[in-house]
Structures are given as structure tokens and as C-alpha cells.
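Residue numbers (my numbering): 104 to 234.
What follows is the structure in C-alpha cells.
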């Protein structure tokens with residue numbers, strides 16, 4: 104199995120009528136004037152492709168980290184029952200970013216990195232209050 108696409112956005116929508124996916128508001132970087140801060144909606148979209156000798160059901164793992172601090176980890180079951188491609192959408196209703204650094208969302212299979220999406224997290228400069 105190979106990971107063809109991984110990306111992070113505010114939300115993913117699957118249109119039931121057309122069977123198409125829309126990824127809304129891609130997240131390429133983020134900043135905040137204070138830490139920790141909350142991202143109210145955070146989604147990960149991944150597209151997997153079955154390779155010739157792969158079984159119908161495969162397992163992998165998603166991990167979200169800032170630097171060495173792990174924020175989330177969980178299993179992903181990838182099923183190729185209906186063809187050579189499998190789409191996965193993982194949504195978080197609130198993700199706390201504890202500090203500046205690099206936010207990395209990665210997918211691994213058997214301990215090997217399949218792909219990742221990296222986003223710098225910076226501290227926003229606040230304007231002084233001139234009264």
C-alpha cells in the first residue's frame with residue numbers, strides 16, 4: 104500500500120451524491136499570540152493506493168506531534184474492498200497546540216513513515232496598546 108496524498112485542513116466534506124471530497128481551508132502554517140491555543144476544527148485527509156500483492160485490509164497509524172511532544176496517535180484501518188483506492192478523513196473537534204515548533208501529522212505502517220504534512224507554528228507579534 105502506498106500513501107498518495109496527505110493534507111491537513113479545517114474540514115473535509117464528502118458529497119454523498121457525487122462521491123467527491125472537498126478539503127476546506129488547507130492549513131499550511133499557524134500562529135498565535137499565546138500558547139497553548141485551540142484549533143476548533145482540524146481534519147486530515149489521506150488517499151491510499153493498493154499495490155499488487157496487498158491484502159484487502161491493511162493497518163497503519165496516524166500520529167500528530169509538535170516537536171517531540173505527541174498530541175494524538177491512533178490506528179487507521181485501510182480497506183480496499185471496493186477498488187484500488189481508499190480515502191480516509193480524520194476530524195478533531197478541538198486540537199490544543201501547546202507551543203511553537205513544527206506541527207507534524209504523519210502516517211506510518213510497520214514503523215515506516217509513509218508520508219507526512221508539516222506546518223510551522225509561530226508566535227504572532229502583538230501590537231502594543233497605544234492609548
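Every residue, glycine too, gets a C-beta built ideally from N, C-alpha and C.
Small disclaimer: the values here were computed from a predicted structure and weren't measured.
| query | Got a sec, what are the start and stop residues for the beta strand (DSSP E) residue 187 sits in? | reply | Locating residue 187 in the chain shown gives position 84, counting from the first residue. Unbroken run through residue 187: none, as it is neither H nor E.
| field | Beta-carbon spacing of residue 202, residue 145 below 8 Å | value | For this step, residue 202 is matched to residue 99 along the chain shown. For this step, residue 145 is matched to residue 42 along the chain shown. No, they are not a contact pair.
| task | Write down the C-beta distance between residue 163 and residue 147 rounded to the nearest angstrom, noting that I regard them as a contact closer than 8 Å. | result | Within the chain shown, residue 163 is the residue found at index 60, counting from 1. Within the chain shown, residue 147 is the residue found at index 44, counting from 1. Actually they are not in contact, since the Cβ atoms of residue 163 and residue 147 sit about 12 Å apart, beyond 8 Å.
| residue 161 versus residue 142: straight-line alpha-carbon distance, rounded | For this step, residue 161 is matched to residue 58 along the chain shown. For this step, residue 142 is matched to residue 39 along the chain shown. Rounded to whole angstroms, residue 161 to residue 142 spans 30 Å at the Cα level.
| Helix, strand or coil: which one does DSSP assign to residue 159? | Indexing the chain shown from 1 puts residue 159 at position 56. Residue state, collapsed to three classes: coil.
| Leaving out five residues before and five after residue 179 in sequence, what residues of the same chain have Cβ atoms less than 8 Å from its Cβ? | If you number the chain shown from 1, residue 179 lands on position 76. Only 149, 162, 163, 164, 165, 191, 193, 210 meet the Cβ criterion.
| Shortest alpha-carbon distance to residue 135 belongs to which of 115, 204, 208, 215? | As a first step, residue 135 must be located in the chain shown, where it is residue number 32. Nearest C-alpha to residue 135: 204.
| Considering residue 201, what are the terminal residues of the beta strand (DSSP E) in which it resides? | For the purposes of this step, residue 201 is taken as residue 98 along the chain shown, with counting starting at 1. Neither: residue 201 is in no beta strand (DSSP E) and is coded neither H nor E.
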